[in-house]
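Respectively, the protein sequence lines represent chains A and B. For the first sequence, numbering that gives the first Met the number 0 begins at 0 and goes up steadily by one. For the second sequence, numbering that gives the first Met the number 0 begins at 0 and goes up steadily by one. Encoded as structure tokens, the structure appears first; notes follow it.
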Amino acid sequence: MNINLTLIFEMVAFAIFVGFCMKFVWPPLIGAIEERQKKISEGLSAAEKASHDLELAKQQAASTMKEAKQEAATLIDQAKKRHSEIVESAKEDARNEADKILNGARAEIEQEVNRAREHLRGQLATLAVAGAEKILERNIDASAQNDIVEKLVAEL
Amino acid sequence: MASANGELTSAGYIQHHLKNLTVCQTEQGWQWSGAENNYVCDGNFMAIHVDSVGWALFLGIFFLWLFRSVAKKATVGKPGKLQAFVEMIVEFVDKSVKETFHGRNPVIAPLSLTVFVWIFLMNFMDLIPVDLLPMLFQAGGVGYMKVVPSTDPNITFGLSLSVFLLIIYYSIKVKGPVGFFKELAFHPFGPWMMPFNLLLEGIGLLAKPVSLALRLFGNLYAGELIFMLIALLMTAGIGGFIGGTLAHVLWAVFHILVIVLQAFIFMMLTIVYLSMAHEDH
Numbered sequence: 000m001n002i003n004l005t006l007i008f009e010m011v012a013f014a015i016f017v018g019f020c021m022k023f024v025w026p027p028l029i030g031a032i033e034e035r036q037k038k039i040s041e042g043l044s045a046a047e048k049a050s051h052d053l054e055l056a057k058q059q060a061a062s063t064m065k066e067a068k069q070e071a072a073t074l075i076d077q078a079k080k081r082h083s084e085i086v087e088s089a090k091e092d093a094r095n096e097a098d099k100i101l102n103g104a105r106a107e108i109e110q111e112v113n114r115a116r117e118h119l120r121g122q123l124a125t126l127a128v129a130g131a132e133k134i135l136e137r138n139i140d141a142s143a144q145n146d147i148v149e150k151l152v153a154e155l
Numbered sequence: 000m001a002s003a004n005g006e007l008t009s010a011g012y013i014q015h016h017l018k019n020l021t022v023c024q025t026e027q028g029w030q031w032s033g034a035e036n037n038y039v040c041d042g043n044f045m046a047i048h049v050d051s052v053g054w055a056l057f058l059g060i061f062f063l064w065l066f067r068s069v070a071k072k073a074t075v076g077k078p079g080k081l082q083a084f085v086e087m088i089v090e091f092v093d094k095s096v097k098e099t100f101h102g103r104n105p106v107i108a109p110l111s112l113t114v115f116v117w118i119f120l121m122n123f124m125d126l127i128p129v130d131l132l133p134m135l136f137q138a139g140g141v142g143y144m145k146v147v148p149s150t151d152p153n154i155t156f157g158l159s160l161s162v163f164l165l166i167i168y169y170s171i172k173v174k175g176p177v178g179f180f181k182e183l184a185f186h187p188f189g190p191w192m193m194p195f196n197l198l199l200e201g202i203g204l205l206a207k208p209v210s211l212a213l214r215l216f217g218n219l220y221a222g223e224l225i226f227m228l229i230a231l232l233m234t235a236g237i238g239g240f241i242g243g244t245l246a247h248v249l250w251a252v253f254h255i256l257v258i259v260l261q262a263f264i265f266m267m268l269t270i271v272y273l274s275m276a277h278e279d280h
């Protein structure tokens, strides 16, 4: 075991190495490690928060869905009601209209019947006059009764 | 590998492997140590183990270069594979420091990292086949080469004495000179037993760097020596070769544990000692 200058060299080298390590090696490495650890823990808590938020959002979505379904159901109910109302009123209208038309037609028919009756009555009168004329031919002065003859001709 | 007269003997092989490449200042100026000048540097303090210092510096610079290159490009986002590896080590050291050292000191963690990785790399040289690098250097004309710096007590004591100086420095800085003296003088018995206390605590204090250095040195030196003995066994016939190969594999596998463990122990004890230096009773 020779103890010699090598020992001093080693001590000096050790001091320089430790100094270099302290100044240039350790701080950036431990800094990076600690920074990453911080980031990871932040990321984890953010993920936890996000999953919590997601849970909340799911609940909210479910309740919104339920509300929407209810609303839709009431809307459909209302629509059905309205639909039947509209159908009912349309039926009513149609019935009224039909009645009106029917009544109009009836009145017209009656009128027509009346008119035909009048007409027949007129013709009957003419025929009666003509018959009467035939019967009374001799007694009737053609010229004097010309207006009646003309009327008859026009009527034929 | 060859001894001075070119004849290879077991004792010569081992002795040769335990010699550092040494240069020293003698009366005839700076000289390389060797068998031809009867290891002129042995016992001379003005000597340098060029191999130990060289490998230690090389490995230390490799460590700093590697970690610095990662640190420069360190991203907070998804790390690359190398960055993940380096960060794993940094985090491991940081955790060890935080668990043991409760004060605030920006030196402790980088110091521990340097100690851990540097010692690990120096120990790792033990897993390189025991003759590979020495033979390569011999081919290049360098006769002696001990490639495991932590088998050199100069290196291990260099580290542990640096830690010891830090222990003294922080003890005085935190507790004050008087407080530090009181800690040494008034424990574990009262002030009336001061000389005994001083003796006890002084030995305890001095034992720290000595045990740190000798534990590391002893483990690695023994490990290296066993690799050499196994290498010798492998030259002893076919049975020796098979047995040696088997023993070599087993010892190398076991040594993977030893080199990491020794680096870890050195680091942990450094942290513990410095933590004790910061504690004011």
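Heads up, the beta-carbon is just placed ideally off N, CA and C, and yes, glycines get one too. Predicted model only: the values in this text are computed from it and were never measured.
Can you list, in chain order, the residues of its chain with a C-beta nearer than 8 Å to that of Ser111 (chain B)? Leave out the 5 residues immediately preceding and following it. Hits under 8 Å: Val92, Ser95, Val96, Met266, Thr269 and Ile270.
Residues of its chain near Val141 (chain B), where Cβ-Cβ distance is below 7 Å and the 5 sequence neighbours each way are ignored: Around Val141 (chain B): Leu20.
Let's test the definition: count the other Cβ atoms within 10 Å of the Cβ of Met121 (chain B) and tell me whether it reaches 16, buried, or not, exposed. It is buried - the Cβ of Met121 (chain B) has at least 16 other Cβ atoms within 10 Å.
With a cut-off of 8 Å, do at least 3 Cβ pairs link the segment 149–157 of chain B to the segment 40–57 of chain B? The answer is yes - the segment 40–57 of chain B touches the segment 149–157 of chain B, with three or more Cβ pairs under 8 Å.
Could you give the uninterrupted runs of the alpha helix (DSSP H) lying entirely in the segment 26–97 of chain B, keeping only those of 4 residues or more? Along the segment 26–97 of chain B, the alpha helix (DSSP H) occurs as fully enclosed runs of 4 or more residues at 49–71, listed in sequence order.
Close-in-space but distant-in-sequence residues of the same chain around Phe66 (chain B) (CB under 7 Å, 5 per side omitted): Within the same chain, Phe66 (chain B) has close Cβ partners Val85.
Which whole runs of the alpha helix (DSSP H) in the segment 145–202 of chain B are 4 residues long or more, in chain order? Runs found: 152–184.
What does a CB cutoff of less than 6 Å around Leu232 (chain B) pick up in its chain, not counting 5 residues either side in sequence? Closer than 6 Å at Cβ, skipping near neighbours: Gly239 and Gly243.
Alpha-carbon spacing of Asp52 (chain A) relative to Pro27 (chain A), whole angstroms: Between Asp52 (chain A) and Pro27 (chain A), the C-alpha separation is close to 36 Å.
Taking Cβ-Cβ distances shorter than 8 Å, what residues in chain B pair up with Ala45 (chain A)? The contacting residues do not exist; Ala45 (chain A) stays about 16 Å from chain B at best.
With a threshold of 9 Å between beta carbons, is Glu41 (chain A) in contact with chain B? No, because no Cβ of chain B sits closer than 9 Å to the Cβ of Glu41 (chain A).
Assigned secondary structure, Thr8 (chain B) (DSSP; H/G/I helix, E/B strand, else coil): Three-state DSSP puts Thr8 (chain B) in coil, outside helix and strand.
8 Å Cβ shell around Glu91 (chain A) - same chain, five flanking residues per side excluded: Same-chain partners within the cutoff: there are none.
Are Ile264 (chain B) and Trp250 (chain B) close, meaning C-beta to C-beta below 9 Å? Ile264 (chain B) places its beta carbon 9 Å or farther from that of Trp250 (chain B).
9 Å is my cut-off, CB to CB: does Phe156 (chain B) come that close to chain A? Chain A, which has a Cβ nearer than 9 Å to the Cβ of Phe156 (chain B), makes this yes.
Quick one: does Ile47 (chain B) have its CB under 9 Å from some CB of chain A? At least one chain A Cβ lies under 9 Å of Ile47 (chain B).
Val116 (chain B) by DSSP, collapsed to three states: which one? Looking at Val116 (chain B) - three-state DSSP - the assignment turns out to be helix.
Alpha carbon to alpha carbon, what distance is there between Phe123 (chain B) and Glu278 (chain B)? Rounded to the nearest angstrom, the gap between the Cα atoms of Glu278 (chain B) and Phe123 (chain B) is 34 Å.
Taking 9 Å as the threshold (beta carbon to beta carbon), is Val141 (chain B) in contact with chain A? Not closer than 9 Å to any Cβ of chain A, the Cβ of Val141 (chain B) fails to qualify, so no.
Can you pull the DSSP bridge partners for Thr99 (chain B)? Answer is none; Thr99 (chain B) lacks a bridge partner.
Cα-Cα separation between Phe100 (chain B) and Trp31 (chain B), rounded to whole angstroms: As the crow flies, the alpha-carbon of Phe100 (chain B) is around 45 Å from that of Trp31 (chain B).
Considering only C-alpha positions, which residue in the set B:Phe119, B:Asn36 and B:Gln137 is nearest to Leu260 (chain B)? If we check each option's Cα against that of Leu260 (chain B), B:Phe119 comes out closest.
Reduced DSSP category for Val128 (chain A) - H, G, I as helix; E, B as strand; rest coil: Looking at Val128 (chain A) - three-state DSSP - the assignment turns out to be helix.
Work out the CA separation of Lys18 (chain B) and Arg130 (chain B) for me, nearest whole Å. In the sequence on display, residue 130 (chain B) carries Asp and not Arg. Rounded to the nearest angstrom, the two C-alpha atoms are 13 Å apart.
Contacts of Phe66 (chain B) in chain A (Cβ-Cβ under 8 Å): Residues of chain A whose Cβ lies closer than 8 Å to the Cβ of Phe66 (chain B) are, in chain order, Cys20, Val24 and Leu28.
Since Phe115 (chain B) and Ala262 (chain B) should fall inside the 8 Å C-beta cutoff, what is the C-beta to C-beta distance between them, to a whole number of angstroms? Rounded, the Cβ-Cβ distance is 5 Å, consistent with contact.
Taking Cβ positions only, does Gln261 (chain B) come closer than 9 Å to chain A? With 9 Å as the cut-off, Gln261 (chain B) does not count as an interface residue toward chain A.
List the endpoints of the continuous alpha helix (DSSP H) containing Val17 (chain A). The continuous alpha helix (DSSP H) containing Val17 (chain A) extends over residues Leu4 to Phe19.
Would you say Ala195 (chain A) reaches chain B, if we count a Cβ-Cβ gap shorter than 9 Å as a contact? It is not possible to answer for residue 195 (chain A), since the shown part of chain A is limited to 0 through 155.
Exposed or buried, Met144 (chain B), counting other C-beta atoms within 10 Å across all chains shown (16 or more means buried)? Its Cβ being crowded by 16 or more others within 10 Å, Met144 (chain B) is buried.
Shortest alpha-carbon distance to Gly59 (chain B) belongs to which of A:His118, A:Cys20, A:Ala93 and A:Ala31? Nearest option by C-alpha distance: A:Cys20.
Going straight from the alpha carbon of Glu26 (chain B) to that of Val248 (chain B), what length do you get? Cα to Cα, Glu26 (chain B) sits roughly 47 Å from Val248 (chain B).
Nearest-angstrom Cβ-Cβ length linking Asn3 (chain A) and Phe44 (chain B), presumed shorter than 8 Å: The beta-carbon distance between Asn3 (chain A) and Phe44 (chain B), rounded to whole angstroms, is 5 Å. This is short enough to meet the 8 Å contact definition.
Alpha-carbon spacing of Glu33 (chain A) relative to Gly11 (chain B), whole angstroms: A direct Cα-Cα distance of roughly 54 Å separates Glu33 (chain A) from Gly11 (chain B).
Which partner residues of Val22 (chain B) appear in the DSSP bridge assignment? DSSP output for Val22 (chain B) lists B:Trp31 and B:Ile47 as bridge partner(s).
Ala78 (chain A) versus Ala115 (chain A): straight-line alpha-carbon distance, rounded: In this structure, the straight-line span from the alpha carbon of Ala78 (chain A) to that of Ala115 (chain A) is close to 54 Å.
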